[in-house]
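Trainee: Before I ask anything, let me first share the structure, which is written out below as structure tokens.
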Amino acid sequence: MKNKFFKHLYLNSNINKKGELLSVWWIFVLAVIALGIVIGVSVYYSAEVNINLVHADILGNRIAKCLIQDGKILYDMEKYDFFKECKINKKLFNEGDFFVKILINYDDKIIYDKNYGNSAYEKDCQILEKISSKSNLRCVKKKEIAEYNDKEVVLEIISGINQEGGRISLTNE
Amino acid sequence: MKMKNTIKNKFFKHSYFSKNMNKKGELGDIIGLKETIFLILNIIFFVILLSFAYNAGSRAFVYEESYAKQIVSIIDNSKPGMNILLDVKEGLEVGKENGIKLEDTFKIDDKENKVMVRLSSNGYMYNYFSDYDVKLSLQDNLLLISIGEKNIYNEK
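Here the protein sequences come in this chain order: A and B. Positions in the first sequence are counted from 1; adding 105 to them yields my numbering. Positions in the second sequence are counted from 1; adding 9 to them yields my numbering.
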């Protein structure tokens, strides 16, 4: 039984005088190896590098820097135009891949709370804090202590980005 | 001498090539022609596979994505008035191999806030969030990213 099985295998073909080295079995083995490597390499390189965490961190830093100077919040937050003051593209935020939440806390009370961009990401960001997800969305939370209206407040900035790049063809231009 | 031959025979008795050895034990007959061709073909096969895996990392689409994301990170991390140089030598070589014109490789769409990198027939684009006036220009193998103030805000 065992001999009958090995009769068809490559190893046996070396021992067996009648056997061929480049047997169908050997070609099959090579094809399987080649297919495995090609699929593995293709999957590895086709996976997109997610820079949303870094990008969200840059966004959070930008907002913190444009809001606070010398430890003070420079603007009257009720009249504050986030897009204009921080030089951020409004249209892009309206398209839905970006989200920013600005919170100002004084004595554990929220005195200012405003969302920009896709507000649905607020909950998603809270979930992402607790569990890891395969989702493309990445969020960064920043806390800064600053002076606002002669009070020491805690400025909290939550920035989230769910951006995916895209391929362009010759016809896109 | 006899002892040595005994050891040699014992070794070859179990080896893969032993069946090809003739009685005289000439070197040319130890490895048969069939086995040599088989071995060479196998080596060629694995060299082709390894070179495929190695070259896959230097394909245009990998460079396109990485340059687009690098440029976007640079733009969003900078301030108006800054000029940044980025080495894009390897990417330009890939683009040249694919017949892409130099002026088509790195582009900015400031209406849509997009960076477009094309090193093959299919390029890659990525959005930057800053409302800056961005200009890209090639200086030999370096890409100059110039950041300027945009005059109109929130008009879009």
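Don't be surprised by glycine CBs; every beta carbon is placed ideally from N, CA and C. The structure presented is a predicted model; accordingly, all values stated were derived computationally and were not measured.
#1: Since residue 234 of chain A is in the alpha helix (DSSP H), which residue starts that stretch and which ends it?
#2: Residue 268 of chain A versus chain B: which residues are under 8 Å apart at the beta carbon?
#3: Tell me the residue span of the beta strand (DSSP E) that contains residue 82 of chain B.
#4: Determine which residues of the segment 109-126 of chain B have a Cβ less than 7 Å from any Cβ of chain A, and write them out in chain order.
#5: What first and last residue would you give for the alpha helix (DSSP H) that runs through residue 191 of chain A?
#6: Got a sec? Which residues, its chain only, sit under 6 Å from residue 34 of chain B by beta carbon, not counting five neighbours each side?
#7: Contact between the segment 186-195 of chain A and the segment 139-154 of chain B is defined here as three or more beta-carbon pairs at a separation below 8 Å; is this criterion met?
#8: Where are the alpha helix (DSSP H) runs, 4 residues long or more, that stay fully inside the segment 117-174 of chain A, in chain order?
#9: So, is the C-beta of residue 82 of chain B closer than 8 Å to a C-beta in chain A?
#10: Residue 31 of chain B by DSSP, collapsed to three states: which one?
#11: Looking at the C-beta of residue 192 of chain A, does it have a partner C-beta in chain E at a distance below 8 Å?
#12: Counting only C-beta atoms, is residue 103 of chain B closer than 8 Å to chain A at any point?
#13: Rounded to whole angstroms, how far is the Cβ of residue 77 of chain B from the Cβ of residue 143 of chain B, which I believe are closer than 8 Å?
#14: Quick check: the segment 62-77 of chain B against the segment 91-103 of chain B, are at least 3 beta-carbon pairs closer than 8 Å?
#15: For a cutoff of 8 Å on Cβ pairs, would you count residue 139 of chain B as touching chain A?
#16: In three-state DSSP terms, what is residue 66 of chain B?
#17: Of all the residues that make up the segment 204-217 of chain A, which are near chain B by a beta-carbon distance shorter than 7 Å?
#18: In angstroms, rounded to a whole number, what distance separates the CA positions of residue 146 of chain A and residue 61 of chain B?
Mentor: Reading off the structure:
#1: 226-235
#2: 135 and 136
#3: No beta strand (DSSP E) contains residue 82 of chain B, which is instead part of the alpha helix (DSSP H) from 69-85.
#4: 122 and 125
#5: Neither: residue 191 of chain A is in no alpha helix (DSSP H) and is coded neither H nor E.
#6: For residue 34 of chain B, the predicted structure reports a pLDDT of 49, less than 50, and the residue's modelled location is therefore unreliable. A value from the coordinates is still provided. Closer than 6 Å at the Cβ level, and outside the excluded window around residue 34 of chain B, lies no residue.
#7: yes
#8: 129-151 and 157-172
#9: yes
#10: Since pLDDT at residue 31 of chain B reaches only 49, below the 50 mark, its modelled position is unreliable, and no value is offered.
#11: Considering every chain present, this structure includes no chain E. Its protein chains are A and B.
#12: no
#13: In fact, because the Cβ distance is near 13 Å, the residues do not count as touching under 8 Å.
#14: yes
#15: yes
#16: coil
#17: none
#18: 9 Å
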